[in-house]
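First comes the structure, then the notes that go with it.
Number of protein chains: 2
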Amino acid sequence: MDKPTQRLRREDWILAGFRALTAGGVGALRVEAVARGLGTTKGSFYWHFSDPADWRAAMLDYWEDMAFRRILVALDPLPAGLPRLRALVKIATGLAYDPAHGGAAAEPALREWARFAPDVGAIVQRVDAGRIAFVAGCFEAGGSEAATAAQQARLFYAALLGLGALRGSPDTDAQCLMRLIDMLDK
Amino acid sequence: MDKPTQRLRREDWILAGFRALTAGGVGALRVEAVARGLGTTKGSFYWHFSDPADWRAAMLDYWEDMAFRRILVALDPLPAGLPRLRALVKIATGLAYDPAHGGAAAEPALREWARFAPDVGAIVQRVDAGRIAFVAGCFEAGGSEAATAAQQARLFYAALLGLGALRGSPDTDAQCLMRLIDMLDK
DNA sequence: GTGATTCCATACGCTACCGTATGGATCACA
DNA sequence: TGTGATCCATACGGTAGCGTATGGAATCAC
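Just so you know, the sequences run in chain order D and H.
Here the first sequence stands for residues 119 to 304, where the numbers follow this note's numbering.
Here the second sequence stands for residues 119 to 304, where the numbers follow this note's numbering.
Next up, the structure:
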C-alpha cells in the first residue's frame, strides 16, 4: 500500500492517520490497522508516539496549522476585499482529495470527531472562527459594516460547509458561492 | 439510565441506537455497550435483530421516514411558497435534542457514517434530494423559474446544513436564513 | 393454572486491538 | 569497520466486543 520497506518518520504516521480518518472516520484511527497499511507494525508506532492520544494530538496540531494558516498565506498576496474572497471560493471548492493527508476530505470526519471530543471541538472552533474572521475581513474591505460583515461571513462560510457536505461538483458549488457573494455584496 | 426492568421492543433498540449515535458517533453503535445502557444484555438484542447490520438497517429505515416525511407533513397545511419556507426555518433551527431518538442531533453522525458506508450514503442522498426539492418547490411557488429555484434551494439547504454544523444559537441561525430567503427572493 | 410462546441472562469460544518488554536490524559517523 | 543511537518486529497478557447455544423467566391463551 505504501513504500514497502523504509524507515518511517513521525509525520508519516500523522499523514497515514489522516488517510485513515478520511477513509473510515474516527473509528479507523487504530494503531495496528494503520500499521498494516503502512507495511509496518505497532513497534514503529510506539517508538514515535507514547500512545494513540499522543498520535491524535499530533494530527490535530498538524491540521490546525494546515487547515487555517496555509490557505490564508496563499491568499495574502491577493488584493483585499471581495476579489480575495472569490479566489478563496476557487481554492476551497477545488480542494480535491490529497493522497498524502486527505486534504479537505478529512474535514467532515474531524467535525464529527469534534462533536464528542471536547479538545477536538475546541480546535475546530478555533479554525472556524479564524476562517470566518478572515471572510468577514473581506466583506469589510468590500465596504460592509463590521457587524454586517460578521453576519455575511457566517452565512457565506456556512454555505461553503453545507455545499461541501452535499458533495456536488466543484463547479456548481463555486457558482453557487459566487452568486451568494454577489447577493451579499449588494 | 432507562427504565429498569421492562421488556423491550425492537423500536426501543432503534431509539437507543440513535441516542448512542448522537452521543458517540457511529463507533458507539456497539451491541453490548448499548445493551448496558438499556439495562439489558445482548441476549435481548439477538432476539430482536439478526445482527448489528440488521439493527443499523432498521435505524436507517426509521430515520429516512422520520427525517423527511414527518417534517413535511407538518408544513403541508401552511400556505405554499416562501411563507412555508420561513416556517421551515423556524422548525429546522429550533429542532432541539430529542431525548427519545436524538432528533436532528443524530444527523451529523449519520452524514459522517454515510461518507464510508455506501448504503447509508444512498439514504442520506435521497433525504437531501427530497428536502431540496421541497425547498425548490417553495421558491417556484414564490415566482422563481424551475432552474433558478433549484439553485436557490441548493444554496438555502447548504446554508441550513452549514449553520447547523457551526452550532450557533437557533435564533442567530434563523435570522441568517431569513435574510438569505429575502436575498434569494429578490 | 398450565402450557406455549415470547423474551432475556449467562456462558463460551473467537477475534481485534492495546500496551509493554525485549531483542534485533539499520543507520550515522568516526 | 566498529560503535552508539535510532528504529522496528515479535511475543505476551489483558480487555472488549461479536456471535451462538442453552436454560430460564415473564407473559399470554385458554
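Cβ atoms here follow ideal geometry from the backbone N, Cα and C, with glycine treated the same way.
All of these numbers come straight from a predicted model, not from anything done at the bench.
- Under the Cβ distance rule, Glu-230 of chain D counts among the residues neighbouring chain H, one pair being separated by less than 8 Å.
- When C-alpha distances from Gly-157 of chain D are compared across D:Phe-167, D:Asp-303, D:Gly-142 and D:Trp-131, the shortest belongs to D:Trp-131.
- At least one CB of chain H lies nearer than 8 Å to the CB of Ala-227 of chain D.
- Neighbours of Asp-246 of chain D in chain H, taken as residues at a C-beta separation under 7 Å, are given in chain order as Leu-284.
- Taking one beta carbon from each stretch, the stretch 163 to 176 of chain H and the stretch 220 to 229 of chain H have fewer than 3 pairs nearer than 8 Å; the two do not touch.
- Where Thr-266 of chain D is concerned, the enclosing alpha helix (DSSP H) starts and stops at 264 to 284.
- Residue environment: Val-191 of chain D is assigned as exposed (fewer than 16 neighbouring CB atoms within 10 Å of its CB, all protein chains considered).
- Around Cys-294 of chain H, the beta-carbon contacts reaching into chain D at under 8 Å are Gln-269, Arg-272, Leu-273 and Ala-276.
- H:Ala-223 is the residue among H:Ala-292, H:Ala-251 and H:Ala-223 whose C-alpha sits nearest the C-alpha of Gly-143 of chain H.
- The residues Cys-256, Gly-260, Ile-299 and Asp-303, in chain order, have a CB closer than 7 Å to that of Leu-200 of chain D in the same chain once the five nearest residues on each side in sequence are set aside.
- In the DSSP assignment, Ala-247 of chain D falls within the unbroken alpha helix (DSSP H) covering 236 to 259.
- Of all alpha-carbon atoms in D:Arg-233, D:Met-301, D:Gly-135 and D:Gly-282, the one lying nearest the alpha-carbon of Ile-209 of chain D is that of D:Gly-282.
- Interface flag for Gly-145 of chain H against chain D is set, since a Cβ pair is found closer than 8 Å.
- When secondary structure is reduced to three states using DSSP, Arg-125 of chain H falls in the coil class, being assigned neither helix nor strand.
- DSSP places Ala-198 of chain D outside both helix and strand once states are collapsed to three, so it counts as coil.
- Taking a cut-off of 8 Å on C-beta distances, the stretch 259 to 278 of chain H does not touch the stretch 182 to 190 of chain H, as fewer than three cross pairs fall below it.
- Taking the Cα of Ser-262 of chain H as reference, the smallest distance to any Cα among H:Met-301, H:Ala-205 and H:Pro-236 is reached at H:Met-301.
- Sequence-distant Cβ neighbours of Ala-251 of chain H in its own chain, meaning closer than 8 Å and more than five residues away, are Ala-271.
- Cβ proximity to chain H below 9 Å picks out Thr-140, Ala-141, Gly-142, Gly-143, Val-144, Gly-145 and Ala-146 from the stretch 132 to 163 of chain D.
- Under the three-state reduction of DSSP, Lys-160 of chain H is assigned to helix.
- For the C-beta of Phe-234 of chain H, the chain D residues within less than 7 Å are, from N- to C-terminus, Ala-141, Gly-142 and Gly-143.
- Think of a sphere of 7 Å around the beta carbon of Leu-281 of chain D: the chain H residues whose beta carbon falls inside it are Ala-276, in chain order.
- Rounded to whole angstroms, Leu-147 of chain H and Ala-176 of chain H show a C-alpha spacing of 13 Å.
- Taking a contact as a CB-CB distance under 8 Å, the pair Gly-212 of chain H and Pro-288 of chain H counts as one, their CB atoms being some 5 Å apart.
- By alpha-carbon distance to Ala-141 of chain H, the top candidate from D:Trp-173, D:Ala-232, D:Ala-151 and D:Leu-295 is D:Ala-232.
- Not a single CB atom of chain D sits nearer than 8 Å to the CB of Leu-213 of chain H.
- Apart from the 5 residues on each side of it in sequence, Leu-126 of chain D sits with its Cβ closer than 8 Å to the Cβ of Leu-156, Thr-158, Ser-162 and His-166 in its chain, given in chain order.
- In this structure, the alpha-carbon of Ala-153 of chain H lies about 27 Å from that of Leu-139 of chain D.
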